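S.K.:
Protein chains: 2
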Amino acid sequence: MRATIIYKAGDVRVEDVPDASIINQSDAIVRVTRACICGSDLWPYKDMPPTLTGRKMGHEAIGVVEAVGSEVNKVKKGDFVVMPFAFSDGQCTFCHEGLTTSCIQGGFFGYSEGVGGAQAEAIRIPLADGTLFVLPLREDNALVASLLTLSDVMATGHHAALTAKVGPGKKVAVVGDGAVGLCGVIAAKRLGADQIILLGRHPNRIALAKEFGATDIVSQRGEEAVERVLKLSGGYGVHCVLESVGTEEAMLTAVSITRPGGAVGRVGVPHYSTIPAWEPTFYKNITISGGPAAVRAYIAELLPDVIEGRIQPGRVFDQIIGLDSVPDGYRAMDKREAIKVMVKP
Amino acid sequence: MRATIIYKAGDVRVEDVPDASIINQSDAIVRVTRACICGSDLWPYKDMPPTLTGRKMGHEAIGVVEAVGSEVNKVKKGDFVVMPFAFSDGQCTFCHEGLTTSCIQGGFFGYSEGVGGAQAEAIRIPLADGTLFVLPLREDNALVASLLTLSDVMATGHHAALTAKVGPGKKVAVVGDGAVGLCGVIAAKRLGADQIILLGRHPNRIALAKEFGATDIVSQRGEEAVERVLKLSGGYGVHCVLESVGTEEAMLTAVSITRPGGAVGRVGVPHYSTIPAWEPTFYKNITISGGPAAVRAYIAELLPDVIEGRIQPGRVFDQIIGLDSVPDGYRAMDKREAIKVMVKP
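Protein chains in written order, with our numbering: chain A, 1 to 345; chain B, 1001 to 1345.
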């Protein structure tokens, strides 16, 4: 089968690899009907040192179950499923608490040893019963794009909003206008935010953010951005900040625009090593939370809104490519020519 | 009147200063019946550069109102009051939200410009109506020591517990066996914690912690302490960590012993500049919260438990001295000869 492998920064290839196959009897094989490229895939695309064996890429997909191991009971051949970016057994103490990304047996697609990537024709799903969410829909339906976002970005935006304590009447800022930031706008609106300030600079993304519910746009950076948000939010900052970038500058902006007693939900994979411990976090009693989104635990909550059309996160996809064009997709996202690229193997 | 002034590290003096007097009509003058020395007072005692004018010390007291300005309506001469370590107007948006340490007009005793310290015969209280909590007791009563802790340490331990999300059934660790850590043990037990692990090394403090409700003691440090807490808590760490020290080592221990999805409530004034952004905080979805305790907002909740004897935080005081002996009190606390020193002017 064909699958995407990155060998070093800038060097993404689609190659022939052995077909995905059952290894453990708790596995399933999913034929990928849609995958996509994630903002976090751009980090190795920017800075990965050269390797001989490469790394299999992709951690977001929807697809159809092709085969299941003998221990798989809940998922069956032919099911149309969402694959969350992390696999999890659904049985352990953390899965029961809804923190599926900390599953004791779990791991991450495209990262954990021996687990393939989703930018491929098919993928082996460990712990299939716990991991896969069976959709109550047929494979060919008009909601495919939005369903695909339940694999990561929409659920990640929701996680950012939850950990930033978004609720009715809150003033919210979203740092970053990537697909996760845009889904963060959807999530903040869905949870009842009163004001949603998007910090971003790209006209097409800003336009989409406004349609999703952003009430204000701040296109400045650094100190200027901080001043602008403080002014827009009445002088003291916002209650809730969704940090969807993962750079040091973004994190500093996030804590600087948080109101005393407010919270930052960070979901941008951190490419910074530290968070300021003193000013402005301590004296302002700012809460810093977030991490990898427990996607598997959120799908049941978000799915009805997708099915009934109340949210349309699939609109973040602005390019659709075939599997062999995946390297072009990385280039387009890296150059900010695309918000998010969908892959149709 | 006599008041305590620190001029440089190790140089604390009790001197004659002008009597505390009304400056603004919203002020009150409180005759200090009991003050005390705080663990945070030891930071300037350790590292303050020399100054000519010095800094007035003390931010914890109970006392009797001697005079009030013409705009003071709720507090009157003769009232027996608690003075929280921060002053606040009780009117602004942050006071209404219960975050009195972020009061728009507020500040901190012993720090804010023009505001004196409580290790003195008397002190001027700005914004007296918002700041002072009038006690429903006479000045000479058996609860004096515990009432004094409502000025800071007991309320700060409570803040650590709240921001670390302590609740029924939770596994809790308290980093630090100082007076705040010991009050953190009281707070954790009061909020229903199932397991309370104290990280501390001093036999007398450990003994008191056990009486307050600590179920386990960890006297190791660094990696060894982390391993021990993980083992005691069933392998994954505790849900809630109360960080009451404020050093980098303490904070690293705190985040390392937090269970995935758990929270750190930090109340030790940070003498470290950064918090690790990546491991172990991000992947484990750890929440970091805390800051200066909103003492004024907590007194009403804690007071009934003090009055009815359900909690006895006053037991953290193990030395009582007169005002002129305050320099000896600093030495005793700095050398860990005293847990917390009460000052009776």
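Beta carbons: idealized from backbone N, C-alpha and C, even for Gly.
Note that this is a predicted model, so its numbers are computed, not measured.
So with Cβ pairs under 7 Å, would you call residue 44(A) a contact of chain B?
M.R.: Here the question's residue 44(A) lines up with position 44 in the first sequence. No, because no Cβ of chain B sits closer than 7 Å to the Cβ of residue 44(A).
S.K.: Give a yes or no on whether 7 Å exceeds the smallest Cβ distance from residue 1261(B) to chain A.
M.R.: As a working note, residue 1261(B) is residue 261 in the second sequence. Residue 1261(B) counts as touching chain A.
S.K.: Cutting at 7 Å between CB atoms, please list the residues of its own chain near residue 47(A), excluding the five before and the five after it.
M.R.: Along the first sequence, one-based indexing puts residue 47(A) at 47. Cβ neighbours of residue 47(A) beyond the five flanking positions: 9.
S.K.: Answer with buried or exposed for residue 273(A), where buried requires no fewer than 16 other C-beta atoms within 10 angstroms of its C-beta.
M.R.: Taking the first sequence and counting its residues from 1, the one referred to as residue 273(A) is at position 273. Exposed, by the Cβ-count rule.
S.K.: Identify the contact partners of residue 284(A) in chain B, using a Cβ-Cβ distance below 7 Å as the criterion.
M.R.: In the first sequence, the residue the question calls residue 284(A) occupies position 284. Within chain B, the residues near residue 284(A) are 1102, 1291.
S.K.: Please list, in chain order, the chain A residues whose beta carbon lies closer than 8 Å to that of residue 1327(B).
M.R.: Looking up residue 1327(B) in the second sequence gives position 327. Per Cβ cutoff of 8 Å: no residues; residue 1327(B) is ~29 Å from chain A at best.
S.K.: When DSSP labels each residue in this structure, what does residue 1212(B) get in the three-state scheme?
M.R.: Counting from one through the second sequence, the residue named residue 1212(B) turns up at place 212. Residue state, collapsed to three classes: helix.
S.K.: Below 8 Å on C-beta distance, what does residue 1097(B) contact in chain A?
M.R.: On the second sequence, residue 1097(B) is found 97 positions in, with the first residue counted as 1. 261, listed in chain order.
S.K.: What's the gap between the Cα of residue 140(A) and the Cα of residue 306(A)?
M.R.: Counted from its first residue, the first sequence places residue 140(A) at position 140. Counted from its first residue, the first sequence places residue 306(A) at position 306. Spanning the two alpha carbons is a distance of roughly 15 Å.
S.K.: When Cβ atoms are compared, which residues of the region 79 to 94 of chain A fall closer than 9 Å to chain B?
M.R.: Answer set for the region 79 to 94 of chain A: 93, 94.
S.K.: What is the DSSP secondary structure of residue 239(A), counted as helix, strand or coil?
M.R.: Residue numbering aside, residue 239(A) sits at position 239 when the first sequence is read from its first letter. Residue 239(A) falls in the strand class under three-state DSSP.
S.K.: When you compare the CB positions of residue 1188(B) and residue 1166(B), do they come within less than 7 Å of one another, or not?
M.R.: On the second sequence, residue 1188(B) is found 188 positions in, with the first residue counted as 1. On the second sequence, residue 1166(B) is found 166 positions in, with the first residue counted as 1. Their beta carbons are under 7 Å apart, which means residue 1188(B) touches residue 1166(B) by this criterion.
S.K.: Just to confirm, are residue 1088(B) and residue 1130(B) a CB contact at a threshold of 7 Å?
M.R.: Within the second sequence, residue 1088(B) is the residue found at index 88, counting from 1. Within the second sequence, residue 1130(B) is the residue found at index 130, counting from 1. Yes, these two residues count as a Cβ contact at 7 Å.
S.K.: Is the Cβ-Cβ distance between residue 291(A) and residue 1109(B) less than 7 Å?
M.R.: Taking the first sequence and counting its residues from 1, one reaches residue 291(A) at position 291. Taking the second sequence and counting its residues from 1, one reaches residue 1109(B) at position 109. No, the Cβ-Cβ distance between residue 291(A) and residue 1109(B) is not below 7 Å.
S.K.: From residue 1276(B) to residue 1085(B), what distance separates their C-alpha atoms?
M.R.: Walking along the second sequence from the start, residue 1276(B) turns up at place 276. Walking along the second sequence from the start, residue 1085(B) turns up at place 85. Distance between the alpha carbons of residue 1276(B) and residue 1085(B) is about 29 Å.
S.K.: Is residue 25(A) buried or exposed, if buried means 16 or more other CB atoms sit within 10 Å of its CB?
M.R.: If you number the first sequence from 1, residue 25(A) lands on position 25. It counts as exposed.
S.K.: Going by DSSP in three states, residue 133(A) sits in which element: helix, strand or coil?
M.R.: Here residue 133(A) refers to the residue found at position 133 of the first sequence. Residue 133(A): strand per DSSP, three-state reduction.
S.K.: Residues of chain A with CB under 7 Å from residue 1275(B), in chain order?
M.R.: Counting from one through the second sequence, the residue named residue 1275(B) turns up at place 275. Correct list: 274, 275, 277.
S.K.: At 3 residues or longer, what runs of the beta strand (DSSP E) sit wholly inside the region 274 to 326 of chain A?
M.R.: For the region 274 to 326 of chain A, whole beta strand (DSSP E) runs of length 3 or above, ordered along the chain, are 274 to 276, 287 to 290, 317 to 322.
S.K.: Determine, using beta carbons only, whether residue 1280(B) comes closer than 7 Å to chain A.
M.R.: The residue you call residue 1280(B) lines up with position 280 of the second sequence. Answer no: the Cβ-Cβ gap between residue 1280(B) and chain A never drops below 7 Å.
S.K.: Let me confirm a value: residue 225(A) is counted as buried when at least 16 other C-beta atoms fall within 10 Å, else exposed. Which label applies?
M.R.: Start at 1 with the first residue of the first sequence, and residue 225(A) comes out as number 225. That one is buried.
S.K.: Under the three-state reduction of DSSP, which class applies to residue 109(A): helix, strand or coil?
M.R.: Position 109 of the first sequence holds residue 109(A). Note: residue 109(A) maps to coil in three-state DSSP.
S.K.: Taking the alpha carbon of residue 1036(B) as the reference point, which residue from 1003(B), 1021(B), 1019(B) has its own alpha carbon closest?
M.R.: Within the second sequence, the letter at position 36 stands for residue 1036(B). The residue with the shortest Cα to Cα distance from residue 1036(B) is 1003(B).
S.K.: In its own chain, which residues sit with a C-beta less than 7 Å from the C-beta of residue 32(A), not counting the 5 before and 5 after it?
M.R.: For the purposes of this step, residue 32(A) is identified with residue 32 of the first sequence, where counting begins at 1. Excluding sequence neighbours, residue 32(A) sits near 61, 63, 118, 120, 121, 122, 123, 345.
S.K.: Are the beta-carbon atoms of residue 175(A) and residue 243(A) separated by less than 7 Å?
M.R.: For the purposes of this step, residue 175(A) is identified with residue 175 of the first sequence, where counting begins at 1. For the purposes of this step, residue 243(A) is identified with residue 243 of the first sequence, where counting begins at 1. Yes, Cβ-Cβ distance for residue 175(A) and residue 243(A) is below 7 Å.
S.K.: Have a look at the DSSP bridge pairing and note the partners of residue 1171(B).
M.R.: In the second sequence, counting from the first residue as 1, residue 1171(B) sits at position 171. Beta-bridge pairing links residue 1171(B) to 1195(B).
S.K.: Counting pairs of beta carbons, one from the region 1178 to 1193 of chain B and one from the region 1300 to 1319 of chain B, are three or more of them closer than 8 Å?
M.R.: Touching, per the Cβ criterion.
S.K.: Could you name the residues of the same chain whose beta carbon sits closer than 6 Å to that of residue 74(A), not counting the 5 residues immediately before and after it, in chain order?
M.R.: Against the first sequence, residue 74(A) aligns to sequence position 74. Cβ within range, chain order: 129.
S.K.: Under DSSP, the alpha helix (DSSP H) around residue 46(A) begins and ends at which residues?
M.R.: Taking the first residue of the first sequence as 1, we reach residue 46(A) at position 46. Element bounds for residue 46(A): 42 to 47.
S.K.: Counting only runs of 4+ residues fully inside the region 1016 to 1092 of chain B, write out the alpha helix (DSSP H) ranges in chain order.
M.R.: Correct list: 1042 to 1047.
S.K.: Whose C-alpha, out of 1078(B), 1098(B), 1249(B), is nearest the C-alpha of residue 1138(B)?
M.R.: Locating residue 1138(B) in the second sequence gives position 138, where the first residue counts as 1. Minimum Cα distance to residue 1138(B) is reached at 1078(B).
S.K.: Would you list the residues sitting across from residue 1011(B) in a DSSP beta bridge?
M.R.: Start at 1 with the first residue of the second sequence, and residue 1011(B) comes out as number 11. Paired residue(s): 1008(B).
S.K.: Between residue 1359(B) and residue 1014(B), which are expected to be in contact by the criterion C-beta below 8 Å, what is the C-beta distance as a whole number of angstroms?
M.R.: Any answer about residue 1359(B) is impossible in this case: the structure gives chain B only from 1001 up to 1345.
S.K.: Pull up the distance between the alpha-carbon of residue 102(A) and that of residue 1261(B), whole angstroms please.
M.R.: Mapped onto the first sequence, residue 102(A) falls at position 102. Mapped onto the second sequence, residue 1261(B) falls at position 261. Distance between the alpha carbons of residue 102(A) and residue 1261(B) is about 8 Å.
S.K.: Run through chain B and tell me which residues come within less than 8 Å of residue 270(A), C-beta to C-beta.
M.R.: By one-based count along the first sequence, residue 270(A) stands at place 270. Near residue 270(A) (Cβ distances below 8 Å), the residues of chain B are 1277, 1278, 1282.
S.K.: Thinking C-beta only, is residue 72(A) closer than 7 Å to residue 134(A)?
M.R.: Against the first sequence, residue 134(A) aligns to sequence position 134. Against the first sequence, residue 72(A) aligns to sequence position 72. Not closer than 7 Å, so no.
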